[in-house]
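In my numbering, the protein residues as written are 303 to 356.
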């Protein structure tokens with residue numbers, strides 16, 4: 303085996319792992335942002351209800 307073949311395989315493996323890690327990171331980030339938006343929306347709804355009661 304040539305050193306070039308080993309470097310290419312290592313590079314391809316790192317790219318594959320990076321792609322998978324990137325997808326996991328994006329999905330996790332979107333879930334957290336969706337939860338924050340839901341909490342913010344609920345808070346705004348409560349404030350609007352209180353404002354209408356006054």
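The beta carbon of each residue, even a glycine, is placed where N, CA and C say it ideally should be.
Note that the structure is a prediction, hence the values are computed from the model and not measured.
For residue j and residue i, the rounded distance between their alpha carbons
i	j	result
residue 345	residue 305	59 Å
residue 314	residue 339	37 Å
residue 303	residue 309	11 Å
residue 324	residue 354	45 Å
residue 352	residue 341	17 Å
residue 333	residue 356	35 Å
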